[in-house]
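Structure record follows, encoded as structure tokens.
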Amino acid sequence: MIIQPTSVAALTWLGAAAGASSEGWRIGNVLSARPLGVNQQGLLVLQVGGLTVEAEAPGTKLPPQFQVRVLSVGAQPQLEILGTDSHLDSTVHQALRERLPQQNGYAPLLATVDALSQWSIAKQLPPYLRSALALLEHSMSTPRELATPEGLRQAMNRSGLFLEAQLAQAPSNDATTAHDDMKGALLRLTAILQGQAILSESADDEVDPPLLYRGVVPQGRLPLPPELANTNDATELLPRLNTDVQAALARLEVAQLQANPNHWIVEIPVQGPEGADVLQLSLKHEPDAERDWTMGFSLDLPSLGPIVGELQLRGLRLSVRLWAQHRETVDRLEEQFADLRQRLDAAGLFLDQLSVQFGLPHTGNGMSAVFLKATV
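For the sequence shown, the numbering used here puts the final residue at 376, and the numbers step up evenly by one.
Rendered as structure tokens:
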């Protein structure tokens with residue numbers, strides 16, 4: 001189990017950093033901890049070393065005293081609880097521990113790939129690297145494909161989340177299974193870039209991990225730093241490309257490691273005529289009811305801004321709730337309600353609720369006892 005404190009309650013983080021109480025907060029160190037109770041906001045208050053911190057309740061009872069290992073520090077520290085029962089297999093736990101500090105979303109990678117796609121720069125790249133980038137773009141979906149049920153199903157299948165399962169089921173002589181799969185494309189590109197002996201370059205852009213408890217979070221396009229956006233030298237972009245590819249691959253593997261038969265997160269890069277965006281889907285099945293599903297989605301389009309949606313299907317009864325960050329987007333969505341009602345009626349579904357709200361929903365409500373979001 002990993003806890004990420006949401007805030008420092010008794011001591012400010014900077015103030016603690018100036019004193020001896022923060023000496024233990026170094027990656028790998030083991031600290032003593034004990035629960036102090038729950039505050040008015042419903043957050044669990046813990047004493048960890050010399051600090052009192054707040055975290056979202058993990059969903060399982062903590063002992064009066066336990067130990068934690070510091071996995072990362074900074075604005076969003078991560079603490080691993082030691083010596084308590086964990087539902088995670090130790091191998092999976094170790095894999096998550098390795099990938100969480102590396103992960104980042106698709107947005108930085110899509111910005112870098114878009115910059116490299118300019119002909120004046122692309123022609124400087126070796127042919128095998130251009131081929132790998134082309135396969136990566138080929139693995140992305142298009143808005144037209146996602147507009148159909150079959151297209152959406154295929155996009156989910158090749159999102160990379162199910163690559164290993166598909167390889168295990170494929171005939172031994174079938175070499176095309178990973179050809180248009182997103183993870184397959186990322187692995188191919190990683191192998192080529194590592195063969196180039198490129199030093200990684202850290203990016204400042206941060207995107208929240210695809211953790212099950214968070215729900216869906218819109219991911220907008222990210223600009224390149226000015227010094228890279230205006231460059232005509234492809235070699236200046238390759239260190240960032242190497243970092244972005246490995247970070248996107250780590251994020252995808254975090255989603256794979258957290259997936260379970262009843263709940264998983266799928267992220268689908270969507271290549272449009274004027275740029276690429278990220279569609280995030282959360283699919284949750286109620287195991288006690290065969291036809292009960294909850295699907296969440298998020299998308300951040302330049303023309304509409306961030307949008308979040310939740311669809312709850314209970315048999316033939318459907319509830320649809322939407323949120324939009326911009327007022328004009330709320331109006332545009334409401335204009336489509338009549339058409340949506342007709343389509344649902346034609347499909348034989350009974351619409352219990354259809355609404356759109358101004359603003360985005362709070363994403364901090366817990367859905368998993370494994371990870372907790374941190375801000376300090």
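Even glycine gets a Cβ: it sits at the ideal position worked out from N, Cα and C.
Start and end residues, beta strand (DSSP E) containing residue i
i: Leu211; result: No beta strand (DSSP E) holds Leu211; DSSP gives it neither H nor E.
i: Pro239; result: Run containing Pro239: none in the beta strand (DSSP E); it sits in the alpha helix (DSSP H), 238-258.
i: Asp288; result: No beta strand (DSSP E) contains Asp288, which DSSP labels as neither H nor E.
i: Arg386; result: The structure shown does not extend to residue 386, since the chain is modelled only from 1 through 376, so no value can be given for it.
i: Ala33; result: 30-38
i: Pro306; result: 305-314
i: Pro63; result: Run containing Pro63: none; DSSP gives neither H nor E here.
i: Glu267; result: 263-272
i: Ala324; result: 317-324
Under the three-state DSSP convention, the category residue i falls into
i: Phe162; result: coil
i: Asp345; result: helix
i: Pro361; result: coil
i: Trp119; result: helix
i: Val356; result: strand
i: His93; result: helix
i: Ala147; result: coil
i: Asp85; result: Residue placement at Asp85 cannot be trusted, given a pLDDT of 49 that sits under 50; the coordinates are not used to answer.
i: Asp277; result: strand
i: Thr52; result: strand
i: Ser21; result: Any reading at Ser21 needs caution, since the residue's pLDDT is 45, under 50, leaving its predicted position unreliable; the model's value is listed next. Note: Ser21 maps to helix in three-state DSSP.
i: Leu100; result: coil
i: Val217; result: coil
i: Leu79; result: strand
i: Gln47; result: strand
i: Gln124; result: coil
i: Arg153; result: helix
i: Arg26; result: coil
i: Gln67; result: strand
i: Gly366; result: In this predicted model, Gly366 has a pLDDT of only 38, less than 50, meaning its place in the structure is not dependable enough to derive any value.
i: Leu135; result: helix
Residue range of the alpha helix (DSSP H) that includes residue i
i: Val113; result: 106-116
i: Met295; result: Segment 292-301 is the beta strand (DSSP E) holding Met295; no alpha helix (DSSP H) there.
i: Ile459; result: It is not possible to answer for residue 459, since the shown part of the chain is limited to 1 through 376.
i: Gly332; result: Note on residue identity: the sequence assigns Arg, not Gly, to residue 332. Run containing Arg332: 327-334, per the alpha helix (DSSP H) assignment.
8 Å contact criterion, which residue i and residue j should meet: CB distance rounded
i: Tyr128; j: Val278; result: Not a contact, Cβ separation roughly 27 Å.
i: Glu236; j: Leu228; result: 6 Å
i: Pro64; j: Arg34; result: 6 Å
i: Ser139; j: Asp180; result: 5 Å
i: Leu141; j: Ile268; result: Before going further, note that residue 141 is Ser rather than Leu in the sequence given. About 6 Å separates the two Cβ atoms, so the contact holds.
i: Val245; j: Met156; result: At roughly 21 Å, the Cβ-Cβ gap does not stay under 8 Å, so Val245 and Met156 are not in contact.
i: Gly440; j: Val48; result: With the chain covering only 1 through 376, there is no way to say anything about residue 440.
i: Phe350; j: Arg327; result: Contact doesn't hold; Cβ gap of about 30 Å is too wide.
i: Val356; j: Val330; result: 5 Å
i: Val318; j: Asp352; result: For the record, residue 318 in the displayed sequence is Leu; it is not Val. Contact flag correct, Cβ pair sits at about 7 Å.
Cutoff 9 Å: residue i Cβ touching any chain C Cβ
i: Phe358; result: Among the chains of the structure shown, chain C does not appear; only one protein chain is present.
Original post:
Are three or more beta carbon pairs between the region 211-222 and the region 144-161 nearer than 8 Å?
Top reply: no
Original post:
Hey, is the region 246-265 in contact with the region 113-122, meaning 3+ C-beta pairs nearer than 8 Å?
Top reply: no
Original post:
Can you find at least 3 beta carbon pairs, one from the region 28-36 and one from the region 61-71, that sit closer than 8 Å?
Top reply: yes
Original post:
With a cut-off of 8 Å, do at least 3 Cβ pairs link the region 292-299 to the region 176-188?
Top reply: no
**OP:** Specify whether the region 270-284 and the region 180-189 touch according to this definition: at least 3 beta carbon pairs, one from each stretch, less than 8 Å apart.
**Re:** no
**OP:** Would you check if the region 285-296 and the region 322-332 touch, i.e. whether three or more CB-CB distances between them fall below 8 Å?
**Re:** no
Original post:
Pairing CB atoms from the region 151-169 with CB atoms from the region 254-264, are three or more of them under 8 Å?
Top reply: yes
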